[in-house]
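Chemist: Using the numbering used here, the letters of the sequence shown correspond one by one to residues 3 to 235.
Once you've had a glance at the structure underneath, I'll fire off some questions.
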Amino acid sequence: MLQVRKSQERGYADHGWLRSFHSFSFANYYDPAHMGFGNLRVINEDRVAAGAGFGTHGHKDMEIISYVLSGELAHKDSIGNVESIPPGDVQRMSAGRGVMHSEFNHKADQTTHFLQIWILPKERGIEPGYEQKKFSDDEKRGKLRLVASPEGSEGSVKVNADASLYAGLFDGDEKASLSLDPKRKSYVHLVRGELEVNGQKLSGGDAAMLEGESQVTLAGGKDAEVLVFDLAA
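The structure is reproduced here in C-alpha cells:
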C-alpha cells in the first residue's frame, strides 16, 4: 500500500523569524491522523530568518537529525559541541537522558532552510551523543546513499533507533530501487523537485507512506532531492 500526502496538507506556522511546515503533529499543529509514521515522529521543514534562531531548550529520549538544504545552521549544546552545519552535512544528536542546545542562523543576509527530523529511540536514558558527517552530491547522484543507520553502516551517522535514512539526487533518466521488508514501514519525503515513487508522481514537499511493500523505486526525477526512511512498524 502506498499513500501520498501532498505538501499543502501539512501543518504550517509563521512566527516571523521562523516559517515551518509540519509533516506530523507538532506544537500548535495537531492532527490525530498524523501523529507520526512508525517510529518517525517529526519532520519539520524550517526556514530561519537571517540573524534569528532557536534559543537554548531541552530534549530527552529522542534521536534528532538535522539536514540543511541552504544557508548554515549553528549548533551549540550542553555536552560541549559547537558546530556549523552546512548543506550536505547530516547531524545526529541523541538526546538520551537529557541535553540542552540552541540552533541559530548567524548570516546577516541569508535564510537557513533545513529539515529537523525526530525518531523515537531504541533505548531510553542513554548518554547524550552527537555526530556530524558530510555526504557529497556525487555520493547521492542517481542513487540512495545511506546517511543514518543503527550500526553506522557504510560511513553513515549512527542512530539509537530501529531506523535507517537514505538521501538521493535524481534527474532525467536516473533511477534507483531499495528493497524493503514488507513487515516494516517506509516513508519517502521529497525535499524538492519532482519524482515518481513506485509510479506515483510527487512534487516538492510531498510524501509517500509505504506499508506492506517489498521495494521502493524512484524514477522520473526533475531536479529532485529525496529522503527515504526504513522504519520499524
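Idealized CB from N, CA, C, for every residue including glycine.
If you're wondering where the values come from, they're calculated on a predicted model, not measured in any experiment.
Hey, Lys-142 and Gly-170 are a contact pair by Cβ (cut 8 Å); roughly how many whole angstroms apart?
Modeler: Position 140 of the sequence shown, counted from the start, is the residue given in the question as residue 142. Position 168 of the sequence shown, counted from the start, is the residue given in the question as residue 170. Going by Cβ atoms, the distance from Lys-142 to Gly-170 rounds to 5 Å, so yes, they are a contact pair.
Chemist: Reducing DSSP to helix, strand and coil, say where Ser-9 ends up.
Modeler: Counting from 1 along the sequence shown, the entry for residue 9 is found at position 7. Of the three classes helix, strand and coil, the one that applies to Ser-9 here is helix, per DSSP.
Chemist: Report the residue from Ala-15, Gly-131 and Asp-139 whose alpha carbon sits nearest the alpha carbon of Asp-48.
Modeler: As a first step, residue 48 must be located in the sequence shown, where it is residue number 46. Asp-48 has its Cα closest to that of Ala-15, out of Ala-15, Gly-131 and Asp-139.
Chemist: Is the region 153 to 169 touching the region 106 to 123, taking contact as three or more C-beta pairs under 8 Å?
Modeler: The region 153 to 169 is in contact with the region 106 to 123.
Chemist: Smallest Cα separation from Leu-229: which of Pro-130, Gln-112 and Val-70?
Modeler: Indexing the sequence shown from 1 puts residue 229 at position 227. Answer by Cα proximity: Val-70.
Chemist: Measure the C-alpha to C-alpha separation of Lys-185 and Met-3 and round it to an integer number of angstroms.
Modeler: The sequence position of residue 185 within the sequence shown is 183, counting from 1. The sequence position of residue 3 within the sequence shown is 1, counting from 1. Roughly 12 Å separates the two Cα atoms.
Chemist: Could you check how far apart the C-beta atoms of Ser-68 and Ile-87 are, in whole angstroms? I think they sit under 8 Å.
Modeler: Position 66 of the sequence shown, counting from 1, holds the residue named residue 68. Position 85 of the sequence shown, counting from 1, holds the residue named residue 87. At roughly 6 Å, the Cβ-Cβ gap stays under 8 Å, so Ser-68 and Ile-87 are in contact.
Chemist: To the nearest angstrom, how far is it from the Cα of Phe-231 to the Cα of Leu-167?
Modeler: As a working mapping, residue 231 is identified with position 229 in the sequence shown. As a working mapping, residue 167 is identified with position 165 in the sequence shown. When rounded, the distance between both Cα atoms is 5 Å.
Chemist: Quick one: residues in its chain with C-beta nearer than 6 Å to the C-beta of Val-6, no 5 flanking neighbours on either side, listed in chain order?
Modeler: As a first step, residue 6 must be located in the sequence shown, where it is residue number 4. Hits under 6 Å: Gln-202 and Ala-210.
Chemist: Quick one, which of Asp-111, Met-95 and Ser-27 has its alpha-carbon nearest Val-50's?
Modeler: On the sequence shown, position 48 is the one that residue 50 refers to. Val-50 has its Cα closest to that of Asp-111, out of Asp-111, Met-95 and Ser-27.
Chemist: For the structure I just gave you, are there three or more beta carbon pairs, one from the region 95 to 110 and one from the region 51 to 68, closer than 8 Å?
Modeler: As far as the Cβ criterion goes, the region 95 to 110 touches the region 51 to 68, which means the pair count is three or higher.
Chemist: Could you compute how far the alpha carbon of Asp-183 sits from the alpha carbon of Leu-146?
Modeler: Here residue 183 refers to the residue found at position 181 when the sequence shown is read from its first residue. Here residue 146 refers to the residue found at position 144 when the sequence shown is read from its first residue. Cα-Cα distance, rounded: 17 Å.
Chemist: Go ahead and pull the three-state DSSP assignment for Asp-208.
Modeler: For the purposes of this step, residue 208 is taken as the residue at position 206 of the sequence shown. Asp-208: coil per DSSP, three-state reduction.
Chemist: How many Å lie between Leu-192 and Arg-99 at the Cα?
Modeler: Looking up residue 192 in the sequence shown gives position 190. Looking up residue 99 in the sequence shown gives position 97. Rounded to the nearest angstrom, the two C-alpha atoms are 32 Å apart.
Chemist: Could you check where the beta strand (DSSP E) with Lys-136 kicks off and where it finishes?
Modeler: Walking along the sequence shown from the start, residue 136 turns up at place 134. Run containing Lys-136: 131 to 136, per the beta strand (DSSP E) assignment.
Chemist: What is the DSSP secondary structure of Lys-224, reduced to helix, strand or coil?
Modeler: Taking the sequence shown and counting its residues from 1, one reaches residue 224 at position 222. Three-state DSSP puts Lys-224 in a strand.
Chemist: Does the distance from the CB of Val-199 to the CB of Arg-94 come in under 8 Å?
Modeler: Counting from one through the sequence shown, the residue named residue 199 turns up at place 197. Counting from one through the sequence shown, the residue named residue 94 turns up at place 92. Not a contact, by the Cβ cut-off of 8 Å.
Chemist: Consult DSSP for Lys-142 and reduce its assignment to one of helix, strand or coil.
Modeler: Working through the sequence shown from its first residue, we reach residue 142 at position 140. Helix at Lys-142.
Chemist: Any idea what DSSP makes of Ser-25, helix, strand or coil?
Modeler: In the sequence shown, residue 25 corresponds to position 23, counting from 1. Three-state result, Ser-25: coil.
Chemist: For Val-149, which residues does DSSP report across the bridge?
Modeler: Here the question's residue 149 lines up with position 147 in the sequence shown. DSSP, once it has assigned bridges, lists no residue as partnering Val-149.
Chemist: Using DSSP's beta-bridge definition, name the partner residues of Gly-201.
Modeler: Reading the sequence shown from its first residue, position 199 is the one you call residue 201. Looking at the DSSP assignment, Gly-201 forms no beta bridge with any residue, so it has no partner.
Chemist: Which of helix, strand or coil does DSSP assign to Gly-313?
Modeler: Any property of residue 313 remains undetermined from this structure, which presents the chain solely from 3 to 235.
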